[in-house]
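**Q** Residue numbers (our numbering): 53 to 231.
Positions of the beta carbon are idealized from the N, C-alpha and C atoms, including for glycine.
Quick one: the structure is below, and I'll ask about it shortly.
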Amino acid sequence: NFGAPDTLIGLGTDKPYVKSGKYQQALKFEPNIVIFMFGSQDTQKGKNFATHETFVAEYKKLIASFTDLPTHPKVYICLPPPMMATGQWGLNNENLVATVIPNIKKVAEDLQFPLIDTNTPFVGHPELFHSNVHMVGESNIIFAGAVFHAMTGKEPPENPKKTTARAVATSPAPTTQKN
């Protein structure tokens, strides 16, 4: 996992992913599979959300930095989970739904990469989040189930905790993996 907490897509933001050490480590790893999930931090009111006009172009550039690697990894793109209320630090679901999610869908469609809906399964399930934005506990099982389904086309193994939330994969989907 080469995720970097609180990072964003835009270069004009407070903490762009491409300037993180994790980004360089991920490139150096030369993965065969990359699953991207960005967008939550990009909803933050102010300077970070102000970069939404360049979001699509910068997300495409980020993805190209991986697909141009010698391994030419398979890429999946995830929609971020919803925010249960205006989260701490100005993160909010309104910006996510109105702007960020449509931008992510555009990136996936333009580049013809599989899109994994890791948003819908969590709508109406605030119990699966801490501070309105951080997935906790069983949410990780649901998230993993959506990714599993997208990558394999198979239903995930039965969840022993029997949640009412259900994983939804709209198509096969960056985390990184190397064979």
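N171 to V152, Cα distance in whole Å?
**A** By 1-based counting over the sequence shown, the position of residue 171 is 119. By 1-based counting over the sequence shown, the position of residue 152 is 100. One C-alpha to the other measures close to 12 Å.
**Q** Going by alpha carbons, who is nearest to L148 out of V175, H182 and F118?
**A** Position 96 of the sequence shown holds residue 148. Nearest in C-alpha terms to L148, of all of V175, H182 and F118, is V175.
**Q** Determine the extent of the alpha helix (DSSP H) in which V108 is found, giving its start and end residues.
**A** The count along the sequence shown starts at 1 and reaches residue 108 at position 56. Unbroken alpha helix (DSSP H) run through V108: F107 to T119.
**Q** Using the beta-carbon count (16 or more within 10 Å), is P122 buried or exposed?
**A** Here residue 122 corresponds to residue number 70 of the sequence shown, with the count starting at 1. Exposed, because fewer than 16 other Cβ atoms sit within 10 Å of the Cβ of P122.
**Q** Considering only residues of the same chain and omitting the five flanking positions on each side of T103, which have a CB-CB separation below 7 Å?
**A** Taking the sequence shown and counting its residues from 1, the one referred to as residue 103 is at position 51. Take T103, set aside five residues on each side of it, and the residues of its chain with a beta-carbon closer than 7 Å to its own are G62, G64 and T65, in chain order.
**Q** Could you check what DSSP says for L79 in three-state terms: helix, strand or coil?
**A** Start at 1 with the first residue of the sequence shown, and residue 79 comes out as number 27. Three-state result, L79: helix.
**Q** Which term fits E161, buried or exposed, when burial requires 16 or more other beta carbons within 10 angstroms of its beta carbon?
**A** For this step, residue 161 is matched to residue 109 along the sequence shown. It counts as exposed.
**Q** For G142, tell me which candidate among V159, Q93 and A196 has the shortest Cα-Cα distance.
**A** In the sequence shown, counting from the first residue as 1, residue 142 sits at position 90. Of V159, Q93 and A196, the residue nearest in Cα terms is Q93.
**Q** Pull up the CB-CB distance for G55 and K74, whole angstroms please, since I reckon it's below 8 Å.
**A** Within the sequence shown, the letter at position 3 stands for residue 55. Within the sequence shown, the letter at position 22 stands for residue 74. Right, the Cβ-Cβ distance comes to about 7 Å (below 8 Å), so this counts as a contact.
**Q** Can you tell me whether DSSP reads V175 as helix, strand or coil?
**A** Along the sequence shown, read from residue 1 onward, the residue named residue 175 stands at position 123. Three-state result, V175: coil.
**Q** Should T204 be labelled buried (16 or more other beta-carbon atoms within 10 Å of its own) or exposed?
**A** Taking the sequence shown and counting its residues from 1, one reaches residue 204 at position 152. Classification of T204: exposed, given that the 10 Å Cβ count is below 16.
**Q** Work out the CA separation of P57 and P134 for me, nearest whole Å.
**A** Your numbering for residue 134 matches position 82 in the sequence shown. Your numbering for residue 57 matches position 5 in the sequence shown. In a straight line, the C-alpha of P134 is about 17 Å away from that of P57.
**Q** So who's on the other strand from F88, going by DSSP bridges?
**A** Counting from one through the sequence shown, the residue named residue 88 turns up at place 36. DSSP, once it has assigned bridges, lists I129 as partnering F88.
**Q** Whole-angstrom Cβ separation of P132 and G91, contact assumed at under 8 Å?
**A** The residue labelled residue 132 in the question sits at position 80 within the sequence shown. The residue labelled residue 91 in the question sits at position 39 within the sequence shown. Between P132 and G91 a beta carbon distance of about 4 Å is seen, short of the 8 Å cut, so the two are scored as contacting.
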